[in-house]
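*Asks:* First the structure, which I've put down as structure tokens, then a few questions once you've had a look.
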Amino acid sequence: MLAESLLLSAVLFTIGVVGVLTRRNAIILFMCVELMLNAVNLSFVALSKLYGATGQVFVIMVMTVAAAEAAVGLAIIISIFRHRQTVHLDDINLLKG
Amino acid sequence: MDNTFHPLFYSFHFYLFGLIAVASALLFVTRKSPVAAALWLVNVMFCLAALYLMLDAQFIGAIQVLVYAGAIMVVFLFVVMLLNLGHPSELADIRGSGGRLAAGAVGLALLAEVAVLTRARFPAQLTPKAAAALAQVEQPGGVIAPIADSLFREHLLAFELTSILLLTAIAGAVVLGRKRGATDAR
């Protein structure tokens, strides 16, 4: 099942990348990043069957970083929303010049 | 769950959950409403938890449900709610008969599998292979001990750095999320 897991992981990662490139809602963009992290986690778990428990430790680390990233990122989104009343990324163009 | 007992059963479930995960992910990136997208992403995460169980990572599967589906996605939904981004008309939709039929079929199939598994569990304990695998899972420490060994011996520094990262993230989130002038208002 290793090959299938890695294939599924690649497909989910690709879907996440497509989401990041096509969506313009900041919150959905963050969710796409979470999907990409999940896809990488699946690779780690699948490979930990071959190479021991280190892969699962990596998954725990990735989950921690994902939680921290979600907390800070969503706080930034709330802060931006207070200023601009939008989470649409095309409307947030203060630094575009 | 070892694939040596029921190879067909194992691979059927593997492909089933894999297909549901990919379909949910595709629905997730195509939804307009953030609430619908978040719920489809929760579905992806549950399917991944099932796959982790089948890949002999039971602890990671439980953590996936608790942390990702339970905590992180709730934070996302909470922010969507706080910013009032979801529209009531999108939330209250009831799908057409096609969606209901598909949901019913998947639910019935999973229920039937639970029934089959509960019937098959007792005889499976009597076969020597299954008994050996169960003994491996049920030994003191079980499936968590290898992870704990690796985490608290080889990767102790990384573990401690993670706690600093979480502390920084908490402080950052509180500072960023605070209302401007909240300290002046008292």
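Going line by line, the protein sequences match chains P and E. For reference, each letter of the first sequence is one residue, going 6 to 102 in the working numbering. For reference, each letter of the second sequence is one residue, going 4 to 189 in the working numbering. Heads up, the beta-carbon is just placed ideally off N, CA and C, and yes, glycines get one too.
Are the Cβ atoms of L54(E) and F31(E) separated by less than 8 angstroms?
*Replies:* As a first step, residue 54(E) is located in the second sequence; it is residue number 51 there, counting from the start. As a first step, residue 31(E) is located in the second sequence; it is residue number 28 there, counting from the start. Cβ atoms of L54(E) and F31(E): not closer than 8 angstroms.
*Asks:* Can you pull the chain P residues whose beta carbon is under 7 angstroms from the beta carbon of A41(E), in chain order?
*Replies:* In the second sequence, counting from the first residue as 1, residue 41(E) sits at position 38. Residues of chain P passing the Cβ test: M36.
*Asks:* List the DSSP bridge partners of H93(P).
*Replies:* Taking the first sequence and counting its residues from 1, the one referred to as residue 93(P) is at position 88. Looking at the DSSP assignment, H93(P) forms a beta bridge with N30(P).
*Asks:* What residue does the alpha helix (DSSP H) around N46(E) start on, and which one ends it?
*Replies:* By one-based count along the second sequence, residue 46(E) stands at place 43. Note, N46(E): alpha helix (DSSP H), 37–57.
*Asks:* Going along the chain, which residues of its own chain have a beta-carbon closer than 8 angstroms to the beta-carbon of I82(P), five neighbours each way excluded?
*Replies:* For this step, residue 82(P) is matched to residue 77 along the first sequence. Here the set comprises A31, I32, F35, V92.
*Asks:* Pull out every residue of the stretch 9–42 of chain P whose Cβ sits closer than 8 angstroms to any Cβ of chain E, in chain order.
*Replies:* E9, S10, L13, V16, L17, I20, G21, V23, G24, T27, R28, N30, I32, I33, F35, M36, C37, E39, L40
*Asks:* Contact defined as beta carbons within less than 8 angstroms: I believe A103(P) pairs with S153(E). What is the distance between those atoms, to the nearest angstrom?
*Replies:* What is shown of chain P runs 6 to 102, which leaves residue 103(P) out entirely.
*Asks:* Is it true that the CB of V70(P) sits closer than 8 angstroms to the CB of L168(E)?
*Replies:* If you number the second sequence from 1, residue 168(E) lands on position 165. If you number the first sequence from 1, residue 70(P) lands on position 65. Yes, Cβ-Cβ distance for L168(E) and V70(P) is below 8 angstroms.
*Asks:* Taking just the CA atoms, how far does G110(E) sit from P149(E)?
*Replies:* If you number the second sequence from 1, residue 149(E) lands on position 146. If you number the second sequence from 1, residue 110(E) lands on position 107. Whole-angstrom Cα-Cα distance: 35 angstroms.
*Asks:* Quick check: S48(P) and Q61(P), are their CB atoms within less than 8 angstroms of each other?
*Replies:* The count along the first sequence starts at 1 and reaches residue 48(P) at position 43. The count along the first sequence starts at 1 and reaches residue 61(P) at position 56. Cβ distance not < 8 angstroms, so S48(P) and Q61(P) don't count as in contact.
*Asks:* Terminal residues of the continuous alpha helix (DSSP H) containing S153(E)?
*Replies:* Here the question's residue 153(E) lines up with position 150 in the second sequence. Careful: S153(E) lies outside any alpha helix (DSSP H) and carries neither H nor E.
*Asks:* Under 7 angstroms between beta-carbons, which chain P residues line up against M48(E)? List them in chain order, please.
*Replies:* Residue numbering aside, residue 48(E) sits at position 45 when the second sequence is read from its first letter. Under the 7 angstroms cutoff, chain P gives N43.
*Asks:* Measuring alpha carbon to alpha carbon, tell me which residue in V77(P), S10(P), V64(P) is nearest V178(E).
*Replies:* Position 175 of the second sequence, counted from the first residue, corresponds to residue 178(E). In this structure, V77(P) is the residue among V77(P), S10(P), V64(P) with its C-alpha nearest to the C-alpha of V178(E).
*Asks:* Check this for me: beta carbons of F49(E) and A72(E), under 8 angstroms apart or not?
*Replies:* Stepping through the second sequence from its first residue, residue 49(E) is reached at position 46. Stepping through the second sequence from its first residue, residue 72(E) is reached at position 69. Yes, the Cβ-Cβ distance between F49(E) and A72(E) is below 8 angstroms.
*Asks:* Could you tell me if D95(P) is buried or exposed, where buried requires 16 or more neighbouring beta carbons within 10 angstroms of its beta carbon?
*Replies:* Your numbering for residue 95(P) matches position 90 in the first sequence. The residue in question, D95(P), is exposed, as its Cβ has fewer than 16 Cβ neighbours within 10 Å.
*Asks:* Buried or exposed for N46(P), please, with buried defined as at least 16 other CB atoms from any protein chain shown within 10 angstroms of its CB.
*Replies:* Sequence index remark: in the first sequence, residue 46(P) carries index 41 (1-based). Buried, since its Cβ has 16 or more Cβ neighbours within 10 Å.
*Asks:* Grab the span of the alpha helix (DSSP H) containing P10(E) for me, first residue to last.
*Replies:* The sequence position of residue 10(E) within the second sequence is 7, counting from 1. Residues 10–33.
*Asks:* What residues in the stretch 11–24 of chain E bring their beta carbon closer than 7 angstroms to a beta carbon of chain P?
*Replies:* Cβ contacts with chain P: F17, G21, A24.
*Asks:* Give every residue of the same chain whose Cβ lies closer than 8 angstroms to the Cβ of F162(E), excluding the five residues on either side of it in the sequence, and list them in chain order.
*Replies:* Within the second sequence, residue 162(E) is the residue found at index 159, counting from 1. Answer for F162(E): L154, F155, listed in chain order.
*Asks:* Using CA atoms only, rank isn't needed, just tell me which of V23(P), R29(P), L55(P), A75(P) is closest to L11(P).
*Replies:* Taking the first residue of the first sequence as 1, we reach residue 11(P) at position 6. With distances taken between Cα atoms, L11(P) lies closest to L55(P).
*Asks:* Leaving aside the five residues before and after H16(E) along the sequence, list all residues of the same chain whose C-beta is less than 8 angstroms from its C-beta, in chain order.
*Replies:* Residue numbering aside, residue 16(E) sits at position 13 when the second sequence is read from its first letter. Counting only Cβ-Cβ distances below 8 angstroms, and skipping sequence neighbours, we find A53, M57, E116.
*Asks:* If you check the beta carbons only, do Q61(E) and V146(E) fall under 8 angstroms apart?
*Replies:* Here residue 61(E) corresponds to residue number 58 of the second sequence, with the count starting at 1. Here residue 146(E) corresponds to residue number 143 of the second sequence, with the count starting at 1. Yes, Cβ-Cβ distance for Q61(E) and V146(E) is below 8 angstroms.
*Asks:* Using 10 angstroms around the beta-carbon of R189(E), count the other beta-carbons present and answer buried if the total reaches 16, otherwise exposed.
*Replies:* In the second sequence, residue 189(E) corresponds to position 186, counting from 1. Low confidence applies here, because R189(E) scores a pLDDT of 43, under 50, leaving its location unreliable; read the following figure in that light. Counting every other CB atom within 10 Å of its CB across the protein chains shown gives R189(E) a total below 16, marking it as exposed.
*Asks:* Note down, in chain order, each residue of its chain lying with its Cβ closer than 7 angstroms to the Cβ of A151(E), except the 5 sequence neighbours on either side.
*Replies:* As a working mapping, residue 151(E) is identified with position 148 in the second sequence. Excluding sequence neighbours, A151(E) sits near nothing in its chain.
*Asks:* Which residues in the same chain have their Cβ closer than 7 angstroms to the Cβ of R89(P), if we skip the five residues on either side of it in sequence?
*Replies:* For this step, residue 89(P) is matched to residue 84 along the first sequence. Closer than 7 angstroms at the Cβ level, and outside the excluded window around R89(P), lie D96, I97.
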